[in-house]
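A quick write-up on the structure given underneath.
Residue numbers (our numbering): 20 to 500.
Written out as structure tokens, the structure is:
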């Protein structure tokens, strides 16, 4: 249960807020002055702090200063009946997450508190990486997560995270949906010099265009109908910290131009504002789209693309690192058994074989959901095949509709590779591109079939004699599979 600390000398307000948050299933602790609140914070941890601005002795802003001096990362919301812009700006400069005007609008109170609690979860969920020996550092499922996998391509990812985390540079994370882009972003944040400052996320695909700019840059009171107070946007809230733009390929071109200005000049204006606001933020972006192609099609700004691509980290799909499936399955199994208090001993070999044979179009996220479902469905002490519910079963994958989707997906992937393939030919890196592609396909299929030539030939749609001829032609050794 998340814990909230309320600091206010008005006992009636404390009673109201305690009831309000208790109905939202939050545990509430209260204090009537700044010094006693600081004593509580030196001995206990909270997920959100609400402080009144006007209190006798140590006021809200002075209390906030002391909280930050103690290096407490918990988001702080300032409450005030004296709602001047100056108060709000001063609070934000001192590191407040937001401010609320009295008397409270219940919906706004709920929204701001919910957002702040989500930020707290993101900031406190430490993401660990495997050690040099390939094992993940021990973590507590409650407040941490792990990136799991020893595949060669994942080792490259870990190396890049280690190299760039402490460097204050923009990072672009690419990969299909479900490959773990947000985990990589959080790992960079938690290993960076900004780890004690805010970590804010912006889902570019989830925010309507009409609201996007106000969410990022904020707005002045009276900027539009219903704007009854100055609103602080993500950039201002994240000053000194890190902002993670998820699915940045879905950001509109006008917004891209304004984000580019923040990256280039470190400043912006709120909507309806005429004052340039200076900010210092580190930007991490992620996308499942081919941004280079989007630039060619005029859907993404080329100057922003190169600003983002100072460092690029590409996450492989799970099907390309299938040997990591058992380790991932065991990690999720242990985590969910502990989370749901299930005394399950292990995953049966037949169930694990089923997991290893699936193509996982939804990547690690799909595997995670599958294991969670299996843990919840299992009533015994072993997870069996019957507990593994795959989103696409054998019958569905063999249907004409699914086959058409697979062919369409393949054509799209090949189309994306064409520019690189043609470059090899133009630069005379390889004389016969068709042979290069054929050889690559042969080696991969033989590996997938454990060098069973009958299965490989059937999969490729050629005769066994033709396959033998190609193996000899490309000098493919038997142990390579």
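Quick reminder that beta carbons are idealized off the backbone N, C-alpha and C, glycines included. Nothing here was measured: the structure is a model prediction, and the numbers come from that model.
Closest by C-alpha distance to residue i, when choosing among the options
i, options, result
"residue 240", "145, 293, 79 and 250", "250"
"residue 276", "264, 321, 253 and 307", "321"
"residue 43", "260, 32, 132 and 258", "132"
"residue 301", "267, 337, 260 and 341", "260"
"residue 221", "268, 325 and 114", "268"
"residue 409", "331, 467, 365 and 393", "393"
"residue 281", "352, 139, 189 and 23", "189"
"residue 478", "467, 487 and 488", "467"
"residue 360", "397, 228 and 314", "397"
"residue 377", "365, 407, 354 and 367", "407"
"residue 229", "437, 270, 364 and 138", "270"
"residue 308", "443, 319 and 298", "319"
"residue 54", "82, 489, 211 and 35", "82"
"residue 303", "324, 100 and 37", "324"
"residue 109", "84, 336 and 124", "84"
"residue 176", "194, 163 and 164", "194"
"residue 179", "329, 480, 442 and 388", "329"
"residue 20", "369, 140 and 238", "140"
"residue 274", "223, 294, 484 and 126", "223"
"residue 100", "379, 121 and 114", "121"
"residue 332", "124, 484, 68 and 184", "184"
"residue 326", "338, 311 and 469", "311"
"residue 390", "354, 380, 368 and 369", "354"
"residue 74", "30, 196 and 432", "30"
"residue 292", "405, 47 and 237", "237"
"residue 367", "352, 380 and 294", "352"
Residue i - partner residues in DSSP beta bridges
i, result
"residue 145", "163"
"residue 22", "46"
"residue 222", "265"
"residue 230", "According to DSSP, which records beta bridges pairwise, residue 230 is partnered with nothing at all."
"residue 488", "Paired residues: none, contrary to the question."
"residue 290", "238"
"residue 190", "303 and 330"
"residue 71", "98"
"residue 250", "238"
"residue 365", "401"
"residue 296", "287"
"residue 339", "Looking at the DSSP assignment, residue 339 forms no beta bridge with any residue, so it has no partner."
Outcome for residue i when other beta-carbon atoms lying within 10 angstroms are tallied against a minimum of 16
i, result
"residue 471", "exposed"
"residue 204", "buried"
"residue 316", "exposed"
"residue 420", "Any reading at residue 420 is ruled out, since the residue's pLDDT is 46, under 50, leaving its predicted position unreliable."
"residue 395", "exposed"
"residue 153", "With a pLDDT of only 49 at residue 153, under the threshold of 50, the placement of this residue in the model should not be trusted, and no figure is reported."
"residue 76", "exposed"
"residue 489", "buried"
"residue 501", "With the chain covering only 20 through 500, there is no way to say anything about residue 501."
"residue 50", "buried"
"residue 437", "exposed"
"residue 217", "buried"
"residue 336", "buried"
"residue 257", "buried"
"residue 372", "exposed"
"residue 265", "buried"
Proximity of residue i and residue j at Cβ, strictly below 8 Å
i, j, result
"residue 149", "residue 116", "no"
"residue 296", "residue 288", "yes"
"residue 254", "residue 235", "yes"
"residue 27", "residue 66", "no"
"residue 233", "residue 245", "no"
"residue 400", "residue 345", "no"
"residue 305", "residue 192", "yes"
"residue 341", "residue 386", "no"
"residue 465", "residue 440", "no"
"residue 501", "residue 25", "Outside the modelled stretch of the chain, which goes from 20 to 500, sits residue 501, for which no answer is possible."
"residue 462", "residue 473", "no"
Residue i beta carbon near the ligand SAH (any heavy atom closer than 7 Å)
i, result
"residue 301", "Looking at this structure, you won't find the ligand SAH or any other ligand, since it has none at all."
Cβ-Cβ separation, residue j to residue i (assumed contact under 8 Å), whole Å
i, j, result
"residue 98", "residue 119", "5 Å"
"residue 206", "residue 167", "In fact, because the Cβ distance is near 12 Å, the residues do not count as touching under 8 Å."
"residue 544", "residue 334", "Shown here, the chain extends from 20 to 500; a query on residue 544 therefore has no answer."
"residue 60", "residue 89", "6 Å"
"residue 210", "residue 343", "22 Å between Cβ atoms; not a contact."
"residue 298", "residue 219", "Contact doesn't hold; Cβ gap of about 12 Å is too wide."
"residue 290", "residue 225", "That belief does not hold up - the Cβ atoms of residue 290 and residue 225 are roughly 20 Å apart, past 8 Å."
"residue 382", "residue 198", "5 Å"
"residue 460", "residue 476", "Contact doesn't hold; Cβ gap of about 13 Å is too wide."
"residue 96", "residue 56", "Rounded, the Cβ-Cβ distance is 13 Å, inconsistent with contact."
"residue 69", "residue 113", "Rounded, the Cβ-Cβ distance is 15 Å, inconsistent with contact."
"residue 350", "residue 165", "6 Å"
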